[in-house]
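This report refers to the structure that appears directly beneath it.
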Amino acid sequence: MDLIQMDKRLDSTEQVVEEIMRIHRSLPPRPGIDEVEAAKGLIDNVEKEDQACLEAIAKQRKSSEVPGELLMVLQEMKKGYVQFRSKEQKREASKLLDLESIHALFDDFIQRASNCIASPSSNGSVSSRPPLAPATTTTAVRSDSQSSLNFSEKAPVRPKDMVSRDDSFVVTKAKPSLYSDGFAAPRKPPQILDSTLTAGNDGEKLSLIKLASLIEVSAKKATPEINLQNKLTDQVEWLPDSLGKLSSLTSLDLSENHIVVLPNTIGGLSSLTKLDLHSNRIGQLPESIGELLNLVYLNLGSNQLSLLPSAFSRLVRLEELDLSCNNLPILPESIGSLVSLKKLDVETNDIEEIPYSIGGCSSLKELRADYNKLKALPEAIGKITTLEILSVRYNNIRQLPTTMSSLANLKELDVSFNELESVPESLCFATTLVKLNIGNNFADMISLPRSIGNLEMLEELDISNNQIRVLPDSFKMLTKLRVFRAQENPLQVPPRDIAEKGPQAVVQYMNDLVETRNAKSLMVKPKKSWVQMCFFSKSNKRKQSSMEIV
Numbered sequence: 002m003d004l005i006q007m008d009k010r011l012d013s014t015e016q017v018v019e020e021i022m023r024i025h026r027s028l029p030p031r032p033g034i035d036e037v038e039a040a041k042g043l044i045d046n047v048e049k050e051d052q053a054c055l056e057a058i059a060k061q062r063k064s065s066e067v068p069g070e071l072l073m074v075l076q077e078m079k080k081g082y083v084q085f086r087s088k089e090q091k092r093e094a095s096k097l098l099d100l101e102s103i104h105a106l107f108d109d110f111i112q113r114a115s116n117c118i119a120s121p122s123s124n125g126s127v128s129s130r131p132p133l134a135p136a137t138t139t140t141a142v143r144s145d146s147q148s149s150l151n152f153s154e155k156a157p158v159r160p161k162d163m164v165s166r167d168d169s170f171v172v173t174k175a176k177p178s179l180y181s182d183g184f185a186a187p188r189k190p191p192q193i194l195d196s197t198l199t200a201g202n203d204g205e206k207l208s209l210i211k212l213a214s215l216i217e218v219s220a221k222k223a224t225p226e227i228n229l230q231n232k233l234t235d236q237v238e239w240l241p242d243s244l245g246k247l248s249s250l251t252s253l254d255l256s257e258n259h260i261v262v263l264p265n266t267i268g269g270l271s272s273l274t275k276l277d278l279h280s281n282r283i284g285q286l287p288e289s290i291g292e293l294l295n296l297v298y299l300n301l302g303s304n305q306l307s308l309l310p311s312a313f314s315r316l317v318r319l320e321e322l323d324l325s326c327n328n329l330p331i332l333p334e335s336i337g338s339l340v341s342l343k344k345l346d347v348e349t350n351d352i353e354e355i356p357y358s359i360g361g362c363s364s365l366k367e368l369r370a371d372y373n374k375l376k377a378l379p380e381a382i383g384k385i386t387t388l389e390i391l392s393v394r395y396n397n398i399r400q401l402p403t404t405m406s407s408l409a410n411l412k413e414l415d416v417s418f419n420e421l422e423s424v425p426e427s428l429c430f431a432t433t434l435v436k437l438n439i440g441n442n443f444a445d446m447i448s449l450p451r452s453i454g455n456l457e458m459l460e461e462l463d464i465s466n467n468q469i470r471v472l473p474d475s476f477k478m479l480t481k482l483r484v485f486r487a488q489e490n491p492l493q494v495p496p497r498d499i500a501e502k503g504p505q506a507v508v509q510y511m512n513d514l515v516e517t518r519n520a521k522s523l524m525v526k527p528k529k530s531w532v533q534m535c536f537f538s539k540s541n542k543r544k545q546s547s548m549e550i551v
């Protein structure tokens, strides 16, 4: 009320003009064009989502055991929640559009006032005052020499909470210049200052409307990279459909936020090569993700995925895929279509079986499937001759496939904390192995393969917490071994005190033991039996009964 001053007496035209301009200047700065477009698009998105939710609620059916009234209560509660959530999501966008509307309305008022000042006066003379300028973010000052208005001051700085982006991706609005007649020049389009958009340097997080505005600006500028890691407010659970406009984007990081669902328009990111969505709350992927044909890196770790869309098979350029820490019970057969895949991480899920089609991943170098419910590995694992690292810790695997002998490039194998009863001899043909961990198996593993000495490149070996008593003779050939863990085994050969001295002490002991054993065997000559002495030829056989046995 202090601003409007309803009871103030207005004695002159100058006072009225002053009052008009004072009220005009009191408005918050006018939102940018991109912000207005983003707000409209955001409201459209919310309304479409609301309509879909309401239709789904209406289609919900009950069994004969559920009272109709009870279902009606549930449906009404769901509708009420959808409406409440809708208002919350549209609140900021609606406020911004209201501000734009009042600025547009004041533009008309200023123009009308300007026409009044420029029109002939009541005594027939024409006012010398220049007309008022249309509403912008400029400030008016009174001239000392006359009562006319002259817009000569600089535009006030917009407060930080009213801009759509913070310091790291600020859009600078062109300041209005003046024509000689006193009118402000038309507003110029925004000018982007930086080349890569990232979120606030000062820790400020983006709301949904600011995110939508950022997307609009990025789309117009053809921005190549956007990094919004941990930069969205907790209330941002979905992304605007306008995301699909970012057709020039090559890298998008939305990790460590609270995103629940991705828009179907994500398929419009046709240039995208890197997408990081780890540590969100995504429960389902849209089929349109299969349209990201240039994608090379995809991180979906630490979400709530329980199923992968069939369109996944189209991501044939994908090289790194992280699906760790989700709720996946299976891997789809389509995983074998990812012929460019080099690294696959599916640890910490509920996977019981790796599909046979995994053999189609002909470029795979690293496979991590720790902390699952695997009972076996498919024989097709042997087809992946490029595989260098295989880790399947903390599963229920009881035996390894014999085809592992074909893994000509395997360097690291970790099958610890499983239920292995033995290690197949065929594994010893994977002569490139550098690290082997078969420790902590709970099926009473009592021996190592006899030909383990073939693994001459082996540097680290863990057999701890098993029931192994004797190391095979070929152990002496592991001359490059530098780490050997054998604790909690009832070792007899070598003795425990030798094992505690380190890997090379064990190798030397086994070498000496074998050499000593061979030397002893050469010193013992077998004696001829009396039978061998008697049977010289067939002619002597008749005399055998008369021979004296001494």
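Under our numbering, the residues of the sequence shown are numbered 2 to 551, in order. Backbone N, C-alpha and C fix where the C-beta goes; we use that ideal spot for every residue, glycine too. None of these values were measured; they are calculated from a predicted model.
### Query
Between GLN84, ALA506, ARG31, ALA57, which lies nearest to ILE103 when the distance is taken from Cα to Cα?
On the sequence shown, position 102 is the one that residue 103 refers to. Nearest of GLN84, ALA506, ARG31, ALA57 to ILE103, Cα basis: ARG31.
### Task
Answer with buried or exposed for ARG90, where buried requires no fewer than 16 other C-beta atoms within 10 angstroms of its C-beta.
Within the sequence shown, numbered from 1, the residue matching residue 90 stands at position 89. For the record, residue 90 in the displayed sequence is Gln; it is not Arg. With 16 or more other Cβ atoms from the protein chains shown falling within 10 Å of its own Cβ, GLN90 counts as buried.
### Query
Alpha carbon to alpha carbon, what distance is there between LEU255 and ARG62?
For this step, residue 62 is matched to residue 61 along the sequence shown. For this step, residue 255 is matched to residue 254 along the sequence shown. When rounded, the distance between both Cα atoms is 36 Å.
### Message
Just to confirm before moving on: does the CB-CB distance between LEU449 and ILE469 stay below 8 Å?
### Response
Taking the sequence shown and counting its residues from 1, the one referred to as residue 449 is at position 448. Taking the sequence shown and counting its residues from 1, the one referred to as residue 469 is at position 468. Pairing LEU449 with ILE469 gives a Cβ-Cβ distance under 8 Å.
### Task
Take ASN512 as the anchor and find which of ASP474, PRO504, LYS502, PRO491 has the nearest alpha-carbon.
Position 511 of the sequence shown, counted from the start, is the residue given in the question as residue 512. Ranking the options by Cα distance to ASN512, first place goes to ASP474.
### Query
If we call anything under 8 Å between Cβ atoms a contact, is LEU375 one with LEU345?
Taking the sequence shown and counting its residues from 1, one reaches residue 375 at position 374. Taking the sequence shown and counting its residues from 1, one reaches residue 345 at position 344. With respect to LEU345, LEU375 sits apart: the two C-beta atoms are not nearer than 8 Å.
### Message
Going by C-alpha to C-alpha distance, which of VAL435, ASN519, ASN328, GLN230 sits closest to GLY454?
### Response
As a first step, residue 454 must be located in the sequence shown, where it is residue number 453. The option with the nearest alpha carbon to GLY454 is VAL435.
### Query
Where do the N-terminal and C-terminal ends of the alpha helix (DSSP H) with ASP498 fall, by residue?
Taking the first residue of the sequence shown as 1, we reach residue 498 at position 497. In the DSSP assignment, ASP498 falls within the alpha helix (DSSP H) that extends over 497-500.
### C-alpha distance - ASP323 paired with VAL262, whole-angstrom precision
Numbered from its first residue, the sequence shown carries residue 323 at position 322. Numbered from its first residue, the sequence shown carries residue 262 at position 261. Rounded to whole angstroms, ASP323 to VAL262 spans 18 Å at the Cα level.
### Query
Expressed to the nearest angstrom, what Euclidean distance is found between the alpha-carbon atoms of SER280 and GLY302?
In the sequence shown, the residue the question calls residue 280 occupies position 279. In the sequence shown, the residue the question calls residue 302 occupies position 301. Taken atom to atom, the span from the alpha-carbon of SER280 to that of GLY302 is near 6 Å.
### Task
Would you mind sorting MET73 into buried or exposed? The rule is 16 or more other CB atoms within 10 Å of its CB.
Residue mapping note: residue 73 aligns to position 72 of the sequence shown, counting from 1. Exposed.
### Message
Determine whether the beta carbon atoms of TYR395 and PHE418 lie at a separation below 8 Å.
### Response
Indexing the sequence shown from 1 puts residue 395 at position 394. Indexing the sequence shown from 1 puts residue 418 at position 417. With respect to the 8 Å criterion, TYR395 and PHE418 are classified as neighbours on the basis of their beta carbons.
### Query
What's the C-alpha gap between GLN16 and PRO29?
For the purposes of this step, residue 16 is taken as the residue at position 15 of the sequence shown. For the purposes of this step, residue 29 is taken as the residue at position 28 of the sequence shown. Computed Cα separation, rounded: 23 Å.
### Message
Output needed for THR14: all residues of its chain with C-beta closer than 7 Å, excluding positions within five of it in sequence on either side, in chain order.
### Response
Translated into the one-based positions of the sequence shown, residue 14 becomes position 13. There are no such residues.
#### Entry: LEU428 in three-state terms, based on DSSP
Counting from 1 along the sequence shown, the entry for residue 428 is found at position 427. DSSP, reduced to helix, strand and coil, places LEU428 within a helical segment of the structure shown.
### Message
What residue range does the beta strand (DSSP E) around LYS63 cover?
### Response
What you label residue 63 is simply residue 62 of the sequence shown in a count that begins at 1. No beta strand (DSSP E) contains LYS63, which DSSP labels as neither H nor E.
### Task
Give the secondary structure of LYS344 by DSSP, where H, G and I count as helix, E and B as strand, and everything else as coil.
In the sequence shown, counting from the first residue as 1, residue 344 sits at position 343. In the three-state reduction of the DSSP assignment, LYS344 falls in the strand class, which pools E and B.
### Message
My output table needs one value for ASP445: the three-state DSSP class, helix, strand or coil.
### Response
In the sequence shown, the residue the question calls residue 445 occupies position 444. Coil.
### Message
Quick check on ALA220: buried or exposed, where buried means 16 or more other Cβ atoms within 10 Å of its Cβ?
### Response
Position 219 of the sequence shown holds residue 220. A buried status is given to ALA220, since no fewer than 16 other beta-carbon atoms sit within 10 Å of its beta-carbon.
### Task
State the DSSP-derived secondary structure class of SER272, mapped to helix, strand or coil.
As a position in the sequence shown, residue 272 is number 271, starting the count at 1. Three-state result, SER272: coil.
#### Entry: Nearest residue (CA-CA) to ASP101, options LEU299, VAL340, VAL37, VAL393
By 1-based counting over the sequence shown, the position of residue 101 is 100. Before going on, a small fix: residue 101 reads as Glu here, not Asp. If we check each option's Cα against that of GLU101, VAL37 comes out closest.
#### Entry: Whole alpha helix (DSSP H) elements within the segment 198-280, 4-residue minimum
The segment 198-280 contains these whole alpha helix (DSSP H) runs: 209-222.
### Query
From GLU1 to ALA39, what distance separates their C-alpha atoms?
The requested residue 1 is not part of the displayed model; the chain covers only 2 to 551.
### Query
Going by the beta-carbon positions, is the gap between GLY361 and GLY337 smaller than 8 Å?
Residue 361 sits at position 360 when you count from the first residue of the sequence shown. Residue 337 sits at position 336 when you count from the first residue of the sequence shown. Yes, the pair counts as a contact, with Cβ atoms nearer than the cut-off.
### Message
For SER554 and LYS41, what's the separation of their Cα atoms in angstroms?
### Response
Absent from the structure is residue 554, since the part of the chain shown begins at 2 and ends at 551.
### Query
DSSP puts LEU293 in a beta bridge; with which residues?
As a position in the sequence shown, residue 293 is number 292, starting the count at 1. By DSSP's assignment, LEU293 forms no beta bridge with any residue.
#### Entry: Alpha-carbon spacing of GLU20 relative to ASP45, whole angstroms
Stepping through the sequence shown from its first residue, residue 20 is reached at position 19. Stepping through the sequence shown from its first residue, residue 45 is reached at position 44. The C-alpha of GLU20 lies about 38 Å from the C-alpha of ASP45.
### VAL317, DSSP secondary structure in three states
What you label residue 317 is simply residue 316 of the sequence shown in a count that begins at 1. Three-state DSSP puts VAL317 in coil, outside helix and strand.
#### Entry: Selection from PRO68, ALA59, SER314 that minimises the alpha carbon distance to VAL83
Here residue 83 refers to the residue found at position 82 of the sequence shown. Closest option to VAL83, Cα to Cα, is ALA59.
### Query
What is the DSSP secondary structure of ASP99, counted as helix, strand or coil?
If you number the sequence shown from 1, residue 99 lands on position 98. ASP99 falls in the helix class under three-state DSSP.
### Message
Could you check whether the Cβ of GLU101 sits closer than 7 Å to any heavy atom belonging to the ligand PLP?
### Response
The ligand PLP is not among the ligands present in this structure, which contains no ligands whatsoever.
### Short CB-CB distance (under 8 Å) between ILE34 and chain B
Going by chain labels, chain B is absent from the structure shown, which holds only one protein chain.
#### Entry: Spatial neighbours of LYS246 in its chain, beta-carbon cut-off 6 Å, leaving aside the 5 residues before and after
Locating residue 246 in the sequence shown gives position 245, where the first residue counts as 1. For LYS246, where only same-chain residues beyond five positions count, the Cβ hits under 6 Å are ALA220.
### DSSP bridge partner residues for VAL515 (one or two, in chain order)
To locate residue 515, count along the sequence shown from 1; it is residue 514. As DSSP reads the structure, VAL515 sits in no beta bridge.
### Message
Just verifying my parser: in three-state terms, what is the DSSP assignment at PHE485?
### Response
Numbered from 1 along the sequence shown, position 484 holds the residue referred to as residue 485. The DSSP-derived three-state label of PHE485 is strand.
### Status (buried if at least 16 other CB within 10 Å, exposed otherwise) for GLU56
Taking the sequence shown and counting its residues from 1, the one referred to as residue 56 is at position 55. It is exposed - the Cβ of GLU56 has fewer than 16 other Cβ atoms within 10 Å.
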